[in-house]
Amino acid sequence: MTTHNSRYEFISQAKLPTRFGNFVIHGFLDTEKDQEHVALSYGEWEESDTVPIRIHSECLTGDALFSTRCDCGFQLEKALQNIVEKGSGVILYLRQEGRGIGLLNKVRAYNLQDQGYDTVEANEHLGFDADLREYGICKTILATLNIQNVEIMTNNPKKILALESMGINVVARKPIDHGITNDNKHYLRTKTSKLGHQFDPDTLK
């Protein structure tokens with residue numbers, strides 16, 4: 100495997116058995132931000148194949164602590180299941196907690212949401228843009244894994260635009276409307292109305 104951008108470096112890989120199946124974990128470093136990211140790959144493919152992927156931003160509260168304030172943990176599990184069912188695919192797991200504001204600022208944003216702010220208003224009240232995430236490392240990850248054509252599991256059209264701007268061929272988008280709860284419906288409505296995410300309106304009533 101080789102690196103394809105001096106800012107982003109491939110570090111190493113190892114087997115990663117999970118309760119969903121046997122994956123391989125690939126480690127990458129953003130040398131400019133000294134930030135670590137990983138990809139989980141499953142199965143094999145040729146360069147011409149269309150590979151199922153999900154770009155998933157780290158969410159400690161949802162992914163590891165089982166929070167129902169968001170749908171992140173539910174989406175991650177569903178994406179892993181989908182990849183195993185299809186026989187191949189990749190999770191690009193990016194360390195961008197709280198849409199890029201970090202864990203402790205995310206807790207501060209949650210506190211503001213408890214007071215009535217929505218998720219966008221809370222970030223902005225703390226002095227951040229609504230979404231600070233970057234996707235530049237995705238090009239290096241996909242190139243390292245010999246992927247040019249993708250079927251992306253997402254509700255966020257900005258991820259599609261980011262991939263296309265880097266020359267990745269997005270063959271299809273697969274919705275991942277999974278994990279909608281009474282605790283996160285308002286959050287998801289805000290992401291739909293203010294951030295352009297695509298959900299079936301009937302699921303958010």
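Counting in this note's numbering, the sequence shown tops out at residue 304, every number present. Idealized CB from N, CA, C, for every residue including glycine. These numbers were taken from a predicted model, which means no experiment stands behind them.
Identify the continuous alpha helix (DSSP H) that holds residue i and give its terminal residues.
i, result
"residue 285", "284-294"
Drop a sphere of 10 angstroms on the beta-carbon of residue i, count the other beta-carbons inside from all chains shown, and report buried for 16 or more, exposed for fewer.
i, result
"residue 140", "buried"
"residue 105", "exposed"
"residue 117", "exposed"
"residue 114", "exposed"
"residue 191", "buried"
Using the C-alpha atoms, what's the distance from residue j back to residue i?
i, j, result
"residue 235", "residue 296", "20 Å"
"residue 220", "residue 204", "13 Å"
"residue 125", "residue 212", "35 Å"
"residue 96", "residue 137", "Missing from the structure shown is residue 96; the chain here goes from 100 to 304 and no further."
"residue 206", "residue 269", "34 Å"
"residue 264", "residue 193", "18 Å"
"residue 253", "residue 231", "18 Å"
"residue 163", "residue 199", "18 Å"
"residue 215", "residue 229", "16 Å"
Can you give me the Cβ contacts of residue i inside the same chain, cut-off strictly under 6 Å, excluding the 5 residues immediately before and after it?
i, result
"residue 166", "160"
"residue 280", "167"
"residue 185", "151"
Does the distance from the CB of residue i to the CB of residue j come in under 8 Å?
i, j, result
"residue 127", "residue 239", "yes"
"residue 218", "residue 289", "yes"
"residue 277", "residue 173", "yes"
"residue 286", "residue 169", "yes"
Could you pull the start and end residues of the beta strand (DSSP E) that residue i belongs to?
i, result
"residue 153", "149-156"
Please go through the same chain and pick out, in chain order, the residues whose beta-carbon is closer than 8 Å to the beta-carbon of residue i, but skip the five residues on each side of it.
i, result
"residue 196", "156, 157, 158, 159, 202, 205"
"residue 183", "119, 120, 141"
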